[in-house]
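Trainee:
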Amino acid sequence: MNAEPIGTAVNDPVPLELGHERMAVLARVGDHLMPAAHGMPSAAEIVTDARVGFVLRSRPDLRDPLMTALRPELGDDIEVRLDFLATQEPDAEAALQLVIVAGYYTAATVRALLGYEGQIAKPVNALEYPTYLEEGLLDSVVDRGPIWRDPETGNRAGAS
Amino acid sequence: MSTELADVLIIGAGASGGVVARRLAEAGFSVVCLEQGRWHDRSEYRGADLDWELTARRQWAGSPNVRALPEDYPVDDADADLSPLMFAGVGGSMLLFAGAWPRMLPSDFRVRSLDGVADDWPLTYEELRPYYERNDRHFGVSGLGGDPAYPQGEDPPLPPLPIGPGALKVARAHDRLGWHWWPEPNAILSAPYDGRHQCVQRGTCMQGCNEGAKASTDLTHWPRAIASGARLVTGARVLRIETNAHGLATGAEWLDEQGRANFLPAKVVVVAANAIGTARLLLLSSSSSHSDGLGNSSGLVGARLMMHPFASVSGLFDDDLESWQGHFGCSIESFEFYETDERRGFVRGAKWGLAPTGGPINAALPSRAGDAVWGPDHHLHVRERFGRGASWGLFGEDLPDAANRVALSSSLTDSHGIPAPELHYKVSENSRRLLDFHIDKASESLRAAGAHTVEVDRLMRYSGWHLLGTARMGDDAATSVLDRWNRCHDVANLYVVDGSCFVTSGGVNPTSTICALALRAADRMVETRFDQQVPA
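Respectively, the protein sequence lines represent chains S and Z. For the first sequence, the residue numbers in numbering that gives the first Met the number 0 are 0 to 159. For the second sequence, the residue numbers in numbering that gives the first Met the number 0 are 0 to 535.
As structure tokens, this is what we get:
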């Protein structure tokens, strides 16, 4: 069987190459979208070069639209930048949001604060008796009888 | 490769192709399958990795237009209200499907007689029931017998999967409301079965199952078919089906990954390429004797495309429900409002299936309905949603309309330069009314369960998983493409076994019905093998 992976391995070394200027814009956008509040750190604190690198290694297709969204020509005003992207370059806006959000919520610090351990394996125990049966939650469903429509009569099955 | 004449050539190694291959190979037929995709190993799936939500949006997305892999063909859906979803590879779209395994209901096969709309099927639920039951064993279905939404029959082979705390809340609410609910049958193992592991409730079924607990024919059917002598050729894109002067199919011309042309001769050709890919291939196979496409004397090849308009209704609860966890096939279902009640202002109905609500990136990004919360309240927004949701997915019956169709694009091509399919598809007024009603009722269900907020994603664009109807079956060759055994009226040795054959869509996830029809067709091929007309 041919089984070459589709996904890019997350440990592959891929040069970041966003550049200091664009990373500074990214931090300001991050602070604007997700500032420190309600016991959570800001995106600027969390979404460092390493986090951006993680995201782009997994999703190299995001690099170009991210570079577009962070280009210096859009100026210093973050709100103006985001408004422009939302109306004129929605693909770049979506990439920018995804990189910041993914960099943030894949960080161990943030996941610990959310009480999220990731998609961990919890094998089903088929011998465990379901609570809904203990509580009799299907009894009335069964007692009400068939609800399917008999194509021969057009009526509910069992109805006279 | 060898061009030895095959008894049967199958085009497409997905759900229906796998079912037919296994049945025919085990019956002693020489079977060759051409599949444009490739094998995927479970280790490729990202569900156990940190970046699963990232790759779910690109490399493992359901849309071929988003993935844009060489083995995908693009779909021009600019004139379609829904975008089609599918996957090219051994196992097909089952690799990314949710695993939900409901059957169509008896009334679904008789909508003309009962409701005066669309058409009746040329077969009944009772005729199909033995095939549903055999497939339940072949795929390894978990569920609870005795659901009063269906006629009685054989119980699923495995006990039901756990429903989780969110579904338990909803089940209690339905008990109070006096509404139907039942643990959903899923083609996902609740216990070890047939050499496969049970589900570990990682909740990433739709990005590929790392455990092999979710059924797909690369696991459940192809190994057995190959062990029985079937040959599966991957990276093989079929360009056209050829016919002879007697109007019989003689095999298929196909291109390998380098674009080299090949011809595979066969006595019988079985198309199993989904309702878009099959229609595309039949239209591409036009000839002097089939000028409008192969098997298209009725003019219905490509017409009557159905995709199940879909709405998601999510409830947010105060409790931590760990709703990122659990199988993504539905936990519970409700058929309370499935059957027609004309007082509602529409005909037919929808199945409801309750699903988990995903990981933190899904909770944080703007919803598909466009709601975004940024700034300091972003963190409250995420805490309110992440792990605290339960979502009813509503599949409404999609009535056939000849104007909803697959055609060939005059400008877009796949990586081999073959014309891509072009969709024309509008959601009907009946579907819109149906979804409005069901959204209201599903909202009532979630509020009764204790949801403090209900959010609705109405008519989701990227929801076209269920591709149906573009080569419908029927008894009259003037008004159908296939006969009641999935054989083409116009070409005696050509079969179509995927969802193209559907006469109407029902209002349920269709994979179990597609597979039951495919198994029935394969049984018929075995029974009539000595009467089958084949090219000289």
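Ideal Cβ positions, reconstructed from N, Cα and C, are used throughout, including at glycine.
Just the C-alpha distance for leucine 113 (chain Z) and aspartate 319 (chain Z), rounded to the nearest angstrom, thanks.
Mentor: Position 114 of the second sequence, counted from the start, is the residue given in the question as residue 113 (chain Z). Position 320 of the second sequence, counted from the start, is the residue given in the question as residue 319 (chain Z). Rounded to whole angstroms, leucine 113 (chain Z) to aspartate 319 (chain Z) spans 44 Å at the Cα level.
Trainee: Going along the chain, which residues of the stretch 97-121 of chain Z sit with their C-beta nearer than 8 Å to a C-beta in chain S?
Mentor: So the list reads Leu104, Pro105, Ser106, Phe108, Arg109, Ser112, Leu113, given in the order they occur along the chain.
Trainee: Could you check what DSSP says for aspartate 107 (chain Z) in three-state terms: helix, strand or coil?
Mentor: Counted from its first residue, the second sequence places residue 107 (chain Z) at position 108. DSSP places aspartate 107 (chain Z) in helix when its eight states are reduced to three.
Trainee: Count Cβ pairs between the stretch 420-431 of chain Z and the stretch 68-81 of chain Z that sit closer than 8 Å; are there 3 or more?
Mentor: The stretch 420-431 of chain Z vs the stretch 68-81 of chain Z: in contact.
Trainee: By Cβ distance below 6 Å, which residues in the same chain neighbour proline 164 (chain Z) in space, the five residues on each side in sequence not counted?
Mentor: As a working mapping, residue 164 (chain Z) is identified with position 165 in the second sequence. If we look at proline 164 (chain Z) and ignore the five residues flanking it on each side, its Cβ neighbours are Leu320.
Trainee: Taking the beta carbon of serine 440 (chain Z) as the centre, do at least 16 other beta carbons fall within 10 Å, making it buried, or is it exposed?
Mentor: Translated into positions along the second sequence, residue 440 (chain Z) becomes position 441. With the sequence shown as reference, residue 440 (chain Z) is identified as lysine, and serine is not the correct amino acid for it. Buried.
Trainee: How long is the line joining the alpha carbons of glutamate 3 (chain S) and alanine 87 (chain Z), rounded to whole angstroms?
Mentor: Position 4 of the first sequence, counted from the first residue, corresponds to residue 3 (chain S). Position 88 of the second sequence, counted from the first residue, corresponds to residue 87 (chain Z). Unreliable placement is indicated for glutamate 3 (chain S), whose pLDDT of 37 sits below 50; no coordinate value is reported for it.
Trainee: Is it the case that the Cβ atoms of glycine 386 (chain Z) and alanine 97 (chain Z) are separated by a distance below 8 Å?
Mentor: Against the second sequence, residue 386 (chain Z) aligns to sequence position 387. Against the second sequence, residue 97 (chain Z) aligns to sequence position 98. Contact flag unset, no.
Trainee: Under 8 Å: do the stretch 115-123 of chain S and the stretch 70-78 of chain S share three or more Cβ pairs, one atom per stretch?
Mentor: Contact fails: fewer than three Cβ-Cβ distances are below 8 Å.
Trainee: Within 8 Å, do at least three Cβ pairs link the stretch 131-146 of chain S to the stretch 143-155 of chain Z?
Mentor: Yes, since at least three Cβ pairs between the stretch 143-155 of chain Z and the stretch 131-146 of chain S fall closer than 8 Å, the two stretches touch.
Trainee: Is the distance from the Cβ of leucine 143 (chain Z) to the Cβ of proline 182 (chain Z) below 8 Å?
Mentor: Numbered from its first residue, the second sequence carries residue 143 (chain Z) at position 144. Numbered from its first residue, the second sequence carries residue 182 (chain Z) at position 183. Contact flag set, yes.
Trainee: Run down chain Z in chain order and give the residues with a C-beta less than 7 Å from the C-beta of proline 89 (chain S).
Mentor: Position 90 of the first sequence, counted from the start, is the residue given in the question as residue 89 (chain S). The contacting residues do not exist; proline 89 (chain S) stays about 11 Å from chain Z at best.
Trainee: Does the separation of the CB atoms of proline 191 (chain Z) and arginine 303 (chain Z) fall below 8 Å?
Mentor: The residue you call residue 191 (chain Z) lines up with position 192 of the second sequence. The residue you call residue 303 (chain Z) lines up with position 304 of the second sequence. No, the Cβ-Cβ distance between proline 191 (chain Z) and arginine 303 (chain Z) is not below 8 Å.
Trainee: For the stretch 435-450 of chain Z against the stretch 99-117 of chain Z, are there 3 or more C-beta pairs whose distance is under 8 Å?
Mentor: Flag = no, the stretch 435-450 of chain Z and the stretch 99-117 of chain Z do not touch.
Trainee: Any chance you could list the beta strand (DSSP E) runs of at least 3 consecutive residues sitting entirely within the stretch 342-368 of chain Z, in chain order?
Mentor: Within the stretch 342-368 of chain Z, the complete beta strand (DSSP E) runs of at least 3 residues are 349-354.
Trainee: Cβ of glycine 144 (chain S) less than 8 Å from any chain Z Cβ?
Mentor: Residue mapping note: residue 144 (chain S) aligns to position 145 of the first sequence, counting from 1. By this cut-off, glycine 144 (chain S) is an interface position.
Trainee: Classify threonine 86 (chain S) as buried or exposed, calling it buried when 16 or more other Cβ atoms lie within 10 Å of its own Cβ.
Mentor: The residue labelled residue 86 (chain S) in the question sits at position 87 within the first sequence. Under this definition threonine 86 (chain S) is an exposed residue.
Trainee: Looking only at its own chain, which residues have a Cβ that is under 7 Å from the Cβ of alanine 8 (chain S), when we skip the five neighbours before and after it?
Mentor: The residue given as residue 8 (chain S) occupies position 9 in the first sequence. Caution is warranted here: a pLDDT of 42 is assigned to alanine 8 (chain S), below 50, making its placement in the model unreliable, and no coordinate value can be reported.
Trainee: Does the beta carbon of alanine 43 (chain S) come closer than 8 Å to any beta carbon on chain Z?
Mentor: On the first sequence, residue 43 (chain S) is found 44 positions in, with the first residue counted as 1. So, not an interface residue.
Trainee: Just the C-alpha distance for arginine 457 (chain Z) and valine 525 (chain Z), rounded to the nearest angstrom, thanks.
Mentor: Within the second sequence, numbered from 1, the residue matching residue 457 (chain Z) stands at position 458. Within the second sequence, numbered from 1, the residue matching residue 525 (chain Z) stands at position 526. So the alpha carbons of these two residues sit roughly 45 Å apart.
Trainee: Under three-state DSSP, which class holds glutamate 70 (chain Z)?
Mentor: On the second sequence, residue 70 (chain Z) is found 71 positions in, with the first residue counted as 1. Three-state result, glutamate 70 (chain Z): coil.
Trainee: Tell me whether the beta-carbon of glycine 85 (chain Z) lies closer than 8 Å to the beta-carbon of serine 311 (chain Z).
Mentor: Working through the second sequence from its first residue, we reach residue 85 (chain Z) at position 86. Working through the second sequence from its first residue, we reach residue 311 (chain Z) at position 312. The sequence given here places methionine at residue 85 (chain Z); glycine does not occur at that position. Taking 8 Å as the Cβ cut-off, methionine 85 (chain Z) and serine 311 (chain Z) do not qualify as a contacting pair.
Trainee: Please look up how many angstroms separate the CB atoms of leucine 81 (chain Z) and serine 499 (chain Z), rounded, as I've assumed it's under 8 Å.
Mentor: The count along the second sequence starts at 1 and reaches residue 81 (chain Z) at position 82. The count along the second sequence starts at 1 and reaches residue 499 (chain Z) at position 500. The Cβ separation is near 17 Å, so there is no contact.
Trainee: Mark aspartate 11 (chain S) as exposed unless 16 or more other C-beta atoms lie within 10 angstroms of its C-beta, in which case mark it buried.
Mentor: Looking up residue 11 (chain S) in the first sequence gives position 12. With a pLDDT of only 45 at aspartate 11 (chain S), under 50, the local geometry of the prediction cannot be trusted, and the value read off the model is given with reservation. Under this definition aspartate 11 (chain S) is an exposed residue.
Trainee: Do threonine 339 (chain Z) and glycine 17 (chain Z) count as a contact pair if the criterion is CB distance below 8 Å?
Mentor: Residue mapping note: residue 17 (chain Z) aligns to position 18 of the second sequence, counting from 1. Residue mapping note: residue 339 (chain Z) aligns to position 340 of the second sequence, counting from 1. No; because the gap between Cβ atoms is not below 8 Å, this pair is not in contact.
Trainee: Since glutamate 160 (chain S) is in the beta strand (DSSP E), which residue starts that stretch and which ends it?
Mentor: Residue 160 (chain S) lies beyond the stretch modelled for chain S, which goes from 0 to 159, so this question has no answer here.
Trainee: Taking Cβ positions, are tyrosine 44 (chain Z) and cysteine 198 (chain Z) nearer each other than 8 Å?
Mentor: The sequence position of residue 44 (chain Z) within the second sequence is 45, counting from 1. The sequence position of residue 198 (chain Z) within the second sequence is 199, counting from 1. Contact flag unset, no.
Trainee: If you draw a straight line from the C-alpha of serine 139 (chain S) to the C-alpha of histidine 437 (chain Z), how long is it?
Mentor: Within the first sequence, the letter at position 140 stands for residue 139 (chain S). Within the second sequence, the letter at position 438 stands for residue 437 (chain Z). Their Cα atoms are separated by approximately 22 Å.
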